[in-house]
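Q: My structure is below; once you've seen it, I'll send some questions.
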């Protein structure tokens, strides 16, 4: 293996859509890791869903061989990271296994909200930051303006910024040299006891769990006995190697290396991301500091469409958790949908991605309930506060003394011409403006305190459409503030459907109830009898829609004759409908549950 002096571990961090994956493509192409005919764009994005949406969801590692200007051979371990705020946990894991970061800034858009938060994340881990200005080939590129922003907003020296065009490959050679010269080699002692950090895993149906790790001290080789420190389980290493798009076996990894091991791990729960791997015979003294604990902010229940598939869904969730450490779940059950799981996500995009991955990678047909956040409630006569995120566990209205909801500090950076529309949107979402500052002649930063629950539905999409895609959004959860909460029940044919219940702010309850009823009216197939769809708070009905009955034309055979003959047939039909309605129960299609989550325009 390469000596540590010739290894560089670095990641690419940036705001969403600033060209991280394209730059990674150029670096890989330059190193000839793939034949030109096999090359495809976004080569590190291995999931179909990443390619379709044009976003990175999972950080991927790859080892790039590079011969520097002085004739020495280096190995550059690159970790490509996501840019979307929902996947910032992935970014924190990538940063933990590197010594340096390329901070990418789009020359047409300048410094955005995620650029700042990712930079602070890298500084917390003492990474060497190399600023890179991308997209210099675009007509709208403003390099001098972007340099000013790098100095003013980020506090970095813009003279050191490298100019590249990831699309055309301009400036990539200078970038390679800068990585070798500016990013420090990993510190670590190959002779010390083994200490390695697990930063990711994935499940291979033939070989068990493939563990992605960064070795800090010691070495790990084939046949060696290793121990996972959090659970104490011991395994024997079957193979070790590095990532060169495919898994390339090298038999050994030593201090400073980023690579993978396969050790016949079949018990998925034994492996935890952020855990330390050490030698079973000569363990190290203390584990490496792990990652920060993930804090889910959006909660939703997930059920199999066919309740007999519950066991399969459980196995799929375990394997998915292995590859996505930010997913949190526990068992749950519902009268309407049977057994399932209550899951925590980092945002709505995260929820959508999990749903698609369950359907595509594991072939599961699933139903999600309406997402909600964690509320605090205090009950009359009881001491202390309870945390509630599941509408099914929400106490009756009369027992609640007070309720609090989580607030966020939202920072929005936008060109000044869209300021009015964005302020109106934030007011509508119960936001309170705490700061407004002009970053330069064209860009404004707005800071709002607003309830997290208001950001869940359609906020991000509407922000993008108001600002034509130019506004960027980043948030931190701050504190809980008092709120007026109600539980909105949806009744079908007079029966409450527990899986459609939602916790909402009292002021929004009427609007939300009306929207849900309208959407269900469009989705529920017509039956032989009328179906009332009602939104209720407690026993008070606040919205109603009706699905009209299908009617058989009983008068078709009765032509001519007295009106009483027709009346008799109609009365007979009416009696039959009445009887049907008494026993009639409504079947809800899967699309009805999904329709409740979407806004009307979609």
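Numbering (my numbering), first residue to last: 5 to 606.
Where is the CB? At the ideal position from N, CA and C, for every residue including glycine.
Does DSSP put residue 269 in a helix, a strand or coil?
A: Mapped onto the chain shown, residue 269 falls at position 265. Residue 269: coil per DSSP, three-state reduction.
Q: How is residue 263 classed by DSSP in three states: helix, strand or coil?
A: Taking the first residue of the chain shown as 1, we reach residue 263 at position 259. Three-state DSSP puts residue 263 in a strand.
Q: Does the Cβ of residue 311 have 16 or more other Cβ atoms within 10 Å, making it buried, or fewer, making it exposed?
A: What you label residue 311 is simply residue 307 of the chain shown in a count that begins at 1. With fewer than 16 other Cβ atoms within 10 Å, it is exposed.
Q: How is residue 552 classed by DSSP in three states: helix, strand or coil?
A: Working through the chain shown from its first residue, we reach residue 552 at position 548. Coil at residue 552, not helix or strand.
Q: Please classify residue 224 as buried or exposed, where buried requires at least 16 neighbouring CB atoms within 10 angstroms.
A: Walking along the chain shown from the start, residue 224 turns up at place 220. Residue 224 is buried by the Cβ-count criterion.
Q: Would you call the region 460–468 and the region 491–511 touching, i.e. three or more CB-CB distances under 8 angstroms?
A: Output reads no: the region 491–511 does not touch the region 460–468.
Q: Give the straight-line distance between the Cα atoms of residue 483 and residue 456, rounded to the nearest whole angstrom.
A: As a first step, residue 483 is located in the chain shown; it is residue number 479 there, counting from the start. As a first step, residue 456 is located in the chain shown; it is residue number 452 there, counting from the start. Their Cα atoms are separated by approximately 10 angstroms.
Q: Report the partner residues of residue 107 according to the DSSP bridge assignment.
A: Within the chain shown, numbered from 1, the residue matching residue 107 stands at position 103. In the DSSP output, where bridge partners are listed per residue, residue 107 has 17 and 135.
Q: Give me the DSSP bridge partner(s) of residue 506.
A: Stepping through the chain shown from its first residue, residue 506 is reached at position 502. Beta-bridge pairing links residue 506 to 492.
Q: Is the region 392–404 touching the region 421–437, taking contact as three or more C-beta pairs under 8 angstroms?
A: With a cut-off of 8 angstroms, the region 421–437 and the region 392–404 do not count as touching, because too few Cβ pairs lie within range.
Q: Measure from the alpha carbon of residue 261 to the alpha carbon of each residue in 527, 216 and 380, then state which is nearest.
A: The residue given as residue 261 occupies position 257 in the chain shown. The candidate whose alpha carbon is nearest that of residue 261 is 216.
Q: Answer yes or no: do residue 525 and residue 501 have a C-beta to C-beta separation smaller than 7 angstroms?
A: Taking the first residue of the chain shown as 1, we reach residue 525 at position 521. Taking the first residue of the chain shown as 1, we reach residue 501 at position 497. Going by C-beta atoms, residue 525 is not nearer than 7 angstroms to residue 501.
Q: Is the distance from the Cβ of residue 195 to the Cβ of residue 476 below 7 angstroms?
A: Residue 195 sits at position 191 when you count from the first residue of the chain shown. Residue 476 sits at position 472 when you count from the first residue of the chain shown. No, the pair does not count as a contact, with Cβ atoms beyond the cut-off.
Q: Expressed to the nearest angstrom, what Euclidean distance is found between the alpha-carbon atoms of residue 1 and residue 485?
A: Examination of residue 1 is not possible in this model, given that the chain is present from 5 through 606 alone.
Q: Taking only three categories from DSSP, how would you classify residue 347?
A: Within the chain shown, the letter at position 343 stands for residue 347. It is a strand residue.
Q: CB-CB under 6 angstroms to residue 121, same chain, minus the five flanking residues each way: which ones, in chain order?
A: Taking the chain shown and counting its residues from 1, one reaches residue 121 at position 117. If we look at residue 121 and ignore the five residues flanking it on each side, its Cβ neighbours are 478.
Q: Taking C-beta to C-beta, are residue 532 and residue 548 nearer than 7 angstroms?
A: The residue given as residue 532 occupies position 528 in the chain shown. The residue given as residue 548 occupies position 544 in the chain shown. Result no, Cβ atoms of residue 532 and residue 548 do not sit closer than 7 angstroms.
Q: So what does DSSP say about residue 330, is it helix, strand or coil?
A: Here residue 330 refers to the residue found at position 326 when the chain shown is read from its first residue. It is coil, neither helix nor strand.
Q: Name the residue from 351, 535, 510 and 408 whose alpha carbon lies nearest to the alpha carbon of residue 553.
A: For the purposes of this step, residue 553 is identified with residue 549 of the chain shown, where counting begins at 1. For residue 553, the nearest C-alpha among the options comes from 535.
Q: What span of residues does the beta strand (DSSP E) with residue 205 cover, start to end?
A: Taking the first residue of the chain shown as 1, we reach residue 205 at position 201. 199–208 is the span of the beta strand (DSSP E), which, as asked, contains residue 205.
Q: Which class does residue 2 belong to by DSSP, given the choice of helix, strand or coil?
A: The question about residue 2 has no answer here: the residues shown for the chain are numbered 5 through 606.
Q: Look up residue 235 in the DSSP assignment and say whether it is helix, strand or coil.
A: For this step, residue 235 is matched to residue 231 along the chain shown. Of the three classes helix, strand and coil, the one that applies to residue 235 here is coil, per DSSP.
Q: Look at the alpha carbon of residue 448 and the alpha carbon of residue 18, and state the distance between them as a whole number of angstroms.
A: In the chain shown, counting from the first residue as 1, residue 448 sits at position 444. In the chain shown, counting from the first residue as 1, residue 18 sits at position 14. Rounded to the nearest angstrom, the two C-alpha atoms are 19 angstroms apart.
Q: Between 158, 197 and 564, which has its C-alpha nearest residue 281's C-alpha?
A: If you number the chain shown from 1, residue 281 lands on position 277. Nearest option by C-alpha distance: 197.
Q: Following the continuous beta strand (DSSP E) through residue 245, name the residue where it begins and the one where it ends.
A: Position 241 of the chain shown, counted from the start, is the residue given in the question as residue 245. It spans 243–248 - the beta strand (DSSP E) in which residue 245 sits, taken as one unbroken run.
Q: For residue 8, I'd like the list of residues in its chain whose CB is within less than 7 angstroms of its CB, leaving aside the five on either flank, ordered along the chain.
A: In the chain shown, the residue the question calls residue 8 occupies position 4. These residues qualify, in order along the chain: 189, 190, 192, 259 and 260.
Q: Hey, how far is the Cα of residue 130 from the Cα of residue 291?
A: Counting from 1 along the chain shown, the entry for residue 130 is found at position 126. Counting from 1 along the chain shown, the entry for residue 291 is found at position 287. If you take the alpha carbons of residue 130 and residue 291, they lie about 19 angstroms apart.
Q: If you drop the 5 nearest sequence neighbours on each side, which residues of the same chain put their C-beta closer than 6 angstroms to that of residue 443?
A: As a first step, residue 443 is located in the chain shown; it is residue number 439 there, counting from the start. Here the set comprises 449.
Q: Buried or exposed: which applies to residue 431, given that a residue is buried once 16 or more other Cβ atoms fall within 10 Å of its Cβ?
A: Within the chain shown, the letter at position 427 stands for residue 431. Exposed, since its Cβ has fewer than 16 Cβ neighbours within 10 Å.
Q: Buried or exposed: which applies to residue 153, given that a residue is buried once 16 or more other Cβ atoms fall within 10 Å of its Cβ?
A: Sequence index remark: in the chain shown, residue 153 carries index 149 (1-based). Answer is buried; the Cβ neighbour count reaches 16.
Q: Please list the segments of the beta strand (DSSP E) lying wholly inside the region 127–192, counting only runs of 3 or more residues, in order along the chain.
A: Those beta strand (DSSP E) runs which fall completely within the region 127–192 and span 3+ residues are 132–138.
Q: Applying the criterion that 16 or more other CB atoms from any shown protein chain within 10 Å of the CB defines a buried residue, is residue 544 buried or exposed?
A: As a working note, residue 544 is residue 540 in the chain shown. Looking at its Cβ environment, which holds fewer than 16 other Cβ atoms inside 10 Å, residue 544 is exposed.
Q: Starting from residue 415, trace the alpha helix (DSSP H) both ways and give me its first and last residue.
A: Residue 415 sits at position 411 when you count from the first residue of the chain shown. Segment 404–419 is the beta strand (DSSP E) holding residue 415; no alpha helix (DSSP H) there.
Q: Quick check on the burial criterion: 16 or more other C-beta atoms within 10 angstroms. Buried or exposed for residue 25?
A: Position 21 of the chain shown holds residue 25. Label assigned to residue 25: buried.
Q: I believe residue 242 touches residue 266 by the beta-carbon criterion, under 8 angstroms. Please report the beta-carbon distance rounded to the nearest angstrom.
A: As a position in the chain shown, residue 242 is number 238, starting the count at 1. As a position in the chain shown, residue 266 is number 262, starting the count at 1. Right, the Cβ-Cβ distance comes to about 5 angstroms (below 8 angstroms), so this counts as a contact.
Q: For residue 453 and residue 415, what's the separation of their Cα atoms in angstroms?
A: Working through the chain shown from its first residue, we reach residue 453 at position 449. Working through the chain shown from its first residue, we reach residue 415 at position 411. Taking the straight line joining both Cα atoms gives about 9 angstroms.
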